[in-house]
Structures are given as structure tokens and as C-alpha cells.
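There are 2 protein chains.
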Amino acid sequence: MTTTRTDRRERPFVMDEATAILARTPGILDAMLRGLGDGWIAANEGNNTWSPFDVVGHLIHGERPDWMPRVRIILEHGEDRAFDTFDRFAQFTASEGRTLASLLDEFATLRRDNLRDLASLRLTDADLDRRGRHPVFGIVTLRQLLATWMAHDLDHVAQISRVLARQYSSEVGPWTAYLRIISGQPG
Amino acid sequence: MTTTRTDRRERPFVMDEATAILARTPGILDAMLRGLGDGWIAANEGNNTWSPFDVVGHLIHGERPDWMPRVRIILEHGEDRAFDTFDRFAQFTASEGRTLASLLDEFATLRRDNLRDLASLRLTDADLDRRGRHPVFGIVTLRQLLATWMAHDLDHVAQISRVLARQYSSEVGPWTAYLRIISGQPG
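Protein sequence lines, in the order shown, are assigned to chains A and B.
Everything in the first sequence is counted per our numbering, starting at 28 for the first residue and increasing by one.
Everything in the second sequence is counted per our numbering, starting at 28 for the first residue and increasing by one.
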């Protein structure tokens, strides 16, 4: 038992740690979704909420016009050029007629290529402080962009977990009270 | 484009579907956690919240005195005998000195064995309606117990995602506003 207990709520951004987690996401999605029945893949939380199928399409779209292009805009243009706006609904047309398996394959390939491109930039700590311009937030740093890329993945992993769990919202009966993922109580 | 759009928010409990998802959880945890640095494994959300290491220990404990013993109590005793109370903090002593890899291995083995035992019971729809007594909620059905087992897994997958993402709560800067997993906005 140690007497000094460090705060474990936050960590500073470390490139190798962030990319190690980013590299895991395709495998996490595979373990969760590949081969799952269509009813589960198409499940959602009502109205215009997203299904697991929609989420994978959204993550694919992020690999193309979003994360790495924004890295390059920061490195090449700094604050002078705002990022392009990210289309949060692109997947609804782009994924049409696709199978989930092909989306998972594509995401894995894009992610691997993007992480290779990122590594090839050999970013220094000074680079991570470089600033760009977000169309809504204004000034952001390259470090913030990369930290967000990771957190964004995990946000969608949690979302897929929630959509699947809530398929049994009624079936769990009184246990709803203990299941924050169904009750929506803050975690 | 179909004109009839079915509600995709909930599904009825189907044994083969629930066990197919339960069988995925060890692989999901592996993809998320195996080989991850100690700082991430020990990360938490402050105070007495759980780390990914704690969560895996909790899931192991569930495989032993909780889920399958409760199935058996319902089948053997019905409403006559209340379930034993589940110790939500057992993992803090049981996991002491263990490595995450050994916990992940143990969880995978226990889960596989439990799903094999469950299959060997060849439960019918009539069995799923059988009733037992929860120490807090009172009457519950076997179907509710099994649906909860699945949702409980996914609750903890979402929790691990959240604990990891929140390690970068400060590092994401203004993007917090778009990251529900960090901001805690309802999903």
C-alpha cells in the first residue's frame, strides 16, 4: 500500500500512446460487430439516432476528409486556413448497399494507412503545439486534434455498446435500475 | 426505400442472439486492453470509480458466484430462495497482484465454460418465464436475468471506453463540446 496516490483521472497527450489506442479501434469494432445479425447491426435508439452500421460508416468518413487532412492543413497553413466542415451525415449515402463486413475492412485499411502517414510526419512536441483554425471553435492545436481523434473513436465504441444494450431495455425488467447504459444515468 | 419502417429501438430476447453477444465480450476486452500501458489500465474517473483493471476483475467475479448460480437457483428453487447478494467490490482483493493479461485469460475461460453450461441446460421458452427472487427487486424471470447479463457486459465496455477517453479530457481542448463521452451529455 502506497501512501502517495497519484490522480488517475487524466494523462498528458503522448503520441505513441494515442496512436496505439487508435490502432486498436478496427479490432474492437470487429470483435463487437463482425458477423452479428442484421437486426443488431441496424438497431438504433429511435428517430434519427445511429445504428452500429451508421457509426462504422461515420468512422470511415472521418478517415478520409477529416483527421489527416486537418493535420496537414495545420502543418501547411496554420491559422490561415480554417478546416473544412466535417459532414456528420455523409455515411448515409456512402454506406448505401454496402455490407458491414466491407465497411469494417475499409475502415481497418484506412486507419492503418492514416497511422502510417501520421508516423511518417515524425511530429515533434513543438509540432504538436502548432495551431490551426476550426470553423466553429477557432484556434485549436495539433495536439488537441490528435487527442480528439482518439476520444472520438472511444465515444463511438461506447455508443455502439449503448445501442446494443438498449435493445433489451424492456427485457431486463427491474434490473434497469442497475444498468446505467440503459437508464441513462450519468456514469 | 421502404415505406414501412420498423421500430429498431428494442428487440425481444432470443437466447442464441444473447449468448452470441456474451461470447464476444472476452474478445472485445482483449482488443481494447491487452498490452495497453499500465497508466491506462489503472486509469479511473476519480475517487472510488473503477479502472479498466477493476472492471475486468468485476466481470470475472460475475462469472463465478453471480450469473450461472442465479440461473441454477431459479431452476432449482424458483421464488423460494432469494439470490445471494452480489459483492460489487470483490475484485479489489481478488485481483490484487494479478496481471491484466491473466485476468483477461481467466475471464475468457470462465465465460466460455459458463456459456457451455448454459447451452447444456437446453432452456425452453417456458423455462425463460420461470421466476426467481432478487434480494432487492423481488420477483424476476430467468429471461430478465439473461438479458441483464448481456446488457451488463456492454455497460462495462462503455465504461472502459469512457474511462480511457476521459484521460484526455483536458487535451481535447474545445472539442469537449462535441464529445459526449467526455462532457457527460446524455447520449
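Backbone N, C-alpha and C fix where the C-beta goes; we use that ideal spot for every residue, glycine too.
### Message
Please confirm whether residue 184 of chain B has its beta-carbon closer than 7 Å to some beta-carbon of chain A.
### Response
yes
### Query
How would you label residue 66 of chain A, buried or exposed, when you count the other beta carbons within 10 angstroms and need 16 or more for buried?
exposed
### Query
Can the beta-carbon of residue 209 of chain A be found closer than 7 Å to that of residue 196 of chain A?
yes
### Task
Return the CA-CA distance between residue 79 of chain A and residue 72 of chain A, expressed in angstroms with no decimal places.
11 Å
### Task
Could you name the residues of chain A that residue 202 of chain B contacts, counting a contact when the two beta carbons are closer than 9 Å?
161, 164, 167, 171, 172, 174, 175, 178, 179
### Query
How about residue 150 of chain A and residue 90 of chain A: do their beta carbons lie closer than 7 Å?
no
### Task
Determine, using beta carbons only, whether residue 192 of chain B and residue 178 of chain A come nearer to each other than 7 Å.
yes
### Task
Following the continuous alpha helix (DSSP H) through residue 120 of chain A, name the residue where it begins and the one where it ends.
118 to 121
### Task
Indicate the three-state DSSP secondary structure (helix, strand or coil) for residue 41 of chain A in the structure shown.
coil
### Residues, ordered as in the chain, of the stretch 69 to 87 of chain A that lie near chain B by beta-carbon distance below 8 Å
69, 70, 71, 72, 73, 78
#### Entry: alpha helix (DSSP H) runs wholly inside the stretch 138 to 210 of chain A, at least 4 long, in chain order
152 to 155, 169 to 193, 207 to 210
### Query
Which partner residues of residue 109 of chain A appear in the DSSP bridge assignment?
A:160
#### Entry: Same chain only: Cβ atoms within 8 Å of residue 98 of chain A, ignoring 5 sequence neighbours per side
145, 148, 169, 172, 173
### Task
Flag residue 97 of chain A as yes if its beta-carbon sits less than 7 Å from any beta-carbon of chain B, otherwise no.
no
### Task
Can you grab the Cα-Cα spacing for the pair residue 190 of chain B / residue 116 of chain B, in whole Å?
18 Å
### Message
Taking 7 Å as the threshold (beta carbon to beta carbon), is residue 125 of chain A in contact with chain B?
### Response
no
### Task
Could you confirm whether any beta carbon from chain A is found closer than 7 Å to the beta carbon of residue 215 of chain B?
Here chain B covers residues 28 to 214 and nothing more, so residue 215 of chain B does not appear.
### Query
Under 7 Å, do residue 53 of chain A and residue 164 of chain B count as touching if we go by C-beta distance?
no
### Query
Roughly how many angstroms separate the alpha carbons of residue 175 of chain B and residue 42 of chain B, rounded to a whole number?
12 Å
#### Entry: Rounded separation between residue 85 of chain B and residue 105 of chain A - CA only
47 Å
### Reference residue 131 of chain B; option with closest CA among B:57, B:47, B:101
B:57
### Query
Relative to the alpha-carbon of residue 120 of chain A, which residue among A:108, A:181, A:87, A:101 has its alpha-carbon at the smallest distance?
A:87
### DSSP three-state assignment for residue 60 of chain A, whether helix, strand or coil
helix
### Task
Determine the direct distance from the alpha carbon of residue 100 of chain A to that of residue 93 of chain A, and round the result to whole angstroms.
10 Å
### Query
Going by alpha carbons, who is nearest to residue 37 of chain A out of B:33, B:203, B:198?
B:198
#### Entry: Within chain B, the residues that residue 102 of chain A reaches when beta carbons sit closer than 8 Å
Those within 8 Å of residue 102 of chain A in chain B number zero; the least Cβ separation is about 18 Å.
### Message
So for residue 77 of chain B, helix, strand or coil by DSSP?
### Response
coil
### Query
So what does DSSP say about residue 88 of chain B, is it helix, strand or coil?
helix
#### Entry: Straight-line Cα distance separating residue 110 of chain A from residue 103 of chain A
12 Å
#### Entry: residue 212 of chain A, buried or exposed, once every other Cβ within 10 Å from all chains shown has been counted against 16
exposed
### Query
Do you know how far the Cα of residue 118 of chain A is from the Cα of residue 29 of chain B?
With a pLDDT of 42 at residue 29 of chain B, under the threshold of 50, the modelled position of that residue is not reliable, and the figure given next carries that caveat. Each residue's alpha carbon lies about 19 Å from the other.
### Task
Tell me whether residue 185 of chain A is buried or exposed, calling it buried when 16 or more other Cβ atoms sit within 10 Å of its Cβ.
buried
### Message
Between residue 59 of chain B and chain A, is any beta-carbon pair separated by less than 7 Å?
### Response
yes
### Message
I need the DSSP call for residue 214 of chain B, collapsed to helix, strand or coil.
### Response
Low confidence applies to residue 214 of chain B: its pLDDT is 49, below 50, so where it sits in the model is not reliable enough to give any reading.
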